[in-house]
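Encoded as structure tokens, the structure appears first; notes follow it.
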Amino acid sequence: MIMLRYPDKDTLKKNLLDKRRKELDGQTQDAIAHLILELDDPETMLAISTRFIAERLDVNRVDGGFSSRTQLHYRPTQEFRDAEELPSMVNAVFPNKHRSLQTIWRSKKPVIFHNIALNPLLNGIHDAVLATEVKSMMALSLGTRHKDIGILCIGQCDRERVWTTKEQVYIHELAKNILSPLFDASQTSAISEHCSLSDAELNVVRLAAEGMSYVQIADTLHKSVRTIENQLRSARHKTGAQNQTDLVRRCINWF
Numbered sequence: 001m002i003m004l005r006y007p008d009k010d011t012l013k014k015n016l017l018d019k020r021r022k023e024l025d026g027q028t029q030d031a032i033a034h035l036i037l038e039l040d041d042p043e044t045m046l047a048i049s050t051r052f053i054a055e056r057l058d059v060n061r062v063d064g065g066f067s068s069r070t071q072l073h074y075r076p077t078q079e080f081r082d083a084e085e086l087p088s089m090v091n092a093v094f095p096n097k098h099r100s101l102q103t104i105w106r107s108k109k110p111v112i113f114h115n116i117a118l119n120p121l122l123n124g125i126h127d128a129v130l131a132t133e134v135k136s137m138m139a140l141s142l143g144t145r146h147k148d149i150g151i152l153c154i155g156q157c158d159r160e161r162v163w164t165t166k167e168q169v170y171i172h173e174l175a176k177n178i179l180s181p182l183f184d185a186s187q188t189s190a191i192s193e194h195c196s197l198s199d200a201e202l203n204v205v206r207l208a209a210e211g212m213s214y215v216q217i218a219d220t221l222h223k224s225v226r227t228i229e230n231q232l233r234s235a236r237h238k239t240g241a242q243n244q245t246d247l248v249r250r251c252i253n254w255f
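Residue numbers for the sequence shown follow the UniProt record's numbering, so the first one is 1 and each next one is one higher.
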């Protein structure tokens, strides 16, 4: 049996919402309450967050994904777009070791991207970023002092935009004081005090988290693809994960 170990919803509501009502506007309070209700489903929480930020800042697209600075690739898994014709970021793959991504992971505040086509921080991935049709971008990492949680990317696609100091401060405070603690609690809610997987299963999950295919994992570990499939299936069963993304999320603290 998996023993949950995270602050209960009442405690989170008290610390993140009730004690701060005087400093939080109504929209933000409603978003926090909604996120706490969905604490057991981090992907739904991420979807709520992208929509809230997009509507709050009146931007064309906000996307996000769970990852860490050590993983090989970064893949957004949720997004909000204000127009269906905008390119979707879901399941796009970005080189997580690229200077731009590592800058986002390391930065204590939102990273601003103006003049996308010529921004030197994007050297090497200009074409990939331009293909998303973004004109101005603000990106930030979610995490605690001890671990990375994910990335949020806020994009204006219909025009160049200068992000105001007020907007940057709001997003920084939202990420640091609200989203990061909530996502940390959500991730922790799905893992046990002790890893329930075998060393072999955990190693396979770790390689999958780095973006390797079943064939690549099999070649790396000198095993058959069927063995890899069976180990991942067993890992999903033991952790209650619904899919591979959920499996990585549940196991990330064990890597």
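Here a beta-carbon is modelled for each residue, glycine too, at the ideal position from N, C-alpha and C.
Subject >> residue 18 in three-state terms, based on DSSP >> reply: Working through the sequence shown from its first residue, we reach residue 18 at position 18. Residue state, collapsed to three classes: helix.
Subject >> Exposure label - residue 31; buried when at least 16 CB within 10 Å >> reply: Here residue 31 is taken as the residue at index 31 of the sequence shown, counted from 1. Flag for residue 31 reads buried.
**OP:** For residue 1, name the three-state secondary structure that DSSP assigns.
**Re:** Translated into the one-based positions of the sequence shown, residue 1 becomes position 1. Any reading at residue 1 must be qualified, since the residue scores a pLDDT of 25, below 50, and its modelled position is unreliable; the value itself is stated next. In the structure shown, residue 1 sits in coil (DSSP, three-state: anything other than H, G, I, E or B).
Subject >> In DSSP terms, what residue 170 is bridged to >> reply: Taking the first residue of the sequence shown as position 1, residue 170 is located at position 170. Per DSSP, none; premise fails for residue 170.
Original post:
What do you get for residue 18, buried or exposed, if any count of 16 or more other CB atoms within 10 angstroms of its CB means buried?
Top reply: As a first step, residue 18 must be located in the sequence shown, where it is residue number 18. In the assembly as shown, residue 18 is an exposed residue. Its beta-carbon has fewer than 16 other beta-carbons within 10 Å.
Original post:
For residue 81, is the classification buried or exposed, using 16 other Cβ atoms within 10 angstroms of its Cβ as the cut-off for buried?
Top reply: Within the sequence shown, the letter at position 81 stands for residue 81. Looking at its Cβ environment, which holds 16 or more other Cβ atoms inside 10 Å, residue 81 is buried.
Original post:
Can you tell me whether DSSP reads residue 64 as helix, strand or coil?
Top reply: The sequence position of residue 64 within the sequence shown is 64, counting from 1. Strand, per DSSP.
Original post:
With 16 other CB atoms within 10 Å as the buried threshold, where does residue 65 fall?
Top reply: The residue you call residue 65 lines up with position 65 of the sequence shown. Counting Cβ neighbours within 10 Å, residue 65 comes out buried, since at least 16 surround it.
**OP:** Using three-state DSSP, classify residue 156 as helix, strand or coil.
**Re:** Taking the first residue of the sequence shown as position 1, residue 156 is located at position 156. Residue 156 falls in the strand class under three-state DSSP.
Subject >> Residue span of the beta strand (DSSP E) that contains residue 80, given as start and end >> reply: If you number the sequence shown from 1, residue 80 lands on position 80. Segment 78-81, the beta strand (DSSP E) holding residue 80.
Subject >> Closest Cα partner of residue 50 within the set 205, 150, 84, 62 >> reply: Mapped onto the sequence shown, residue 50 falls at position 50. That would be 62, whose Cα lies nearest to the Cα of residue 50.
**OP:** Find the nearest neighbour of residue 162 within the set 59, 55, 33, judged by alpha-carbon distance.
**Re:** The sequence position of residue 162 within the sequence shown is 162, counting from 1. Among 59, 55, 33, the Cα nearest to that of residue 162 is on 59.
**OP:** Might you give, ordered along the chain, the residues of its own chain that have their beta carbon closer than 7 Å to the beta carbon of residue 86, omitting 5 neighbours on each side?
**Re:** What you label residue 86 is simply residue 86 of the sequence shown in a count that begins at 1. The beta carbon of residue 86 sits closer than 7 Å to the beta carbons of 60, 61, 133, 157 from its chain, once the five residues preceding and following it are set aside; these are given in chain order.
**OP:** Check residue 95 in the structure and name its three-state DSSP category.
**Re:** Sequence index remark: in the sequence shown, residue 95 carries index 95 (1-based). Here DSSP, grouped into helix, strand and coil, assigns residue 95 to strand.
Subject >> Own chain partners of residue 36 with C-beta closer than 6 Å, once the 5 adjacent residues on each side are dropped >> reply: Working through the sequence shown from its first residue, we reach residue 36 at position 36. Taken in chain order, the residues that qualify are 9, 12, 13.
Subject >> Counted within 10 angstroms of its Cβ, other Cβ atoms place residue 204 as buried (16 or more) or exposed >> reply: The residue labelled residue 204 in the question sits at position 204 within the sequence shown. Burial call: buried.
Original post:
With burial defined as no fewer than 16 other Cβ atoms inside 10 Å of the residue's Cβ, what is the status of residue 248: buried or exposed?
Top reply: Locating residue 248 in the sequence shown gives position 248, where the first residue counts as 1. Burial call: buried.
Subject >> According to DSSP, residues forming a beta bridge with residue 73 >> reply: Within the sequence shown, numbered from 1, the residue matching residue 73 stands at position 73. Residue 73 is bridged to 95.
Original post:
Taking just the CA atoms, how far does residue 104 sit from residue 185?
Top reply: One-based indexing of the sequence shown puts residue 185 at position 185. One-based indexing of the sequence shown puts residue 104 at position 104. The alpha-carbon of residue 185 is positioned some 22 Å away from that of residue 104.
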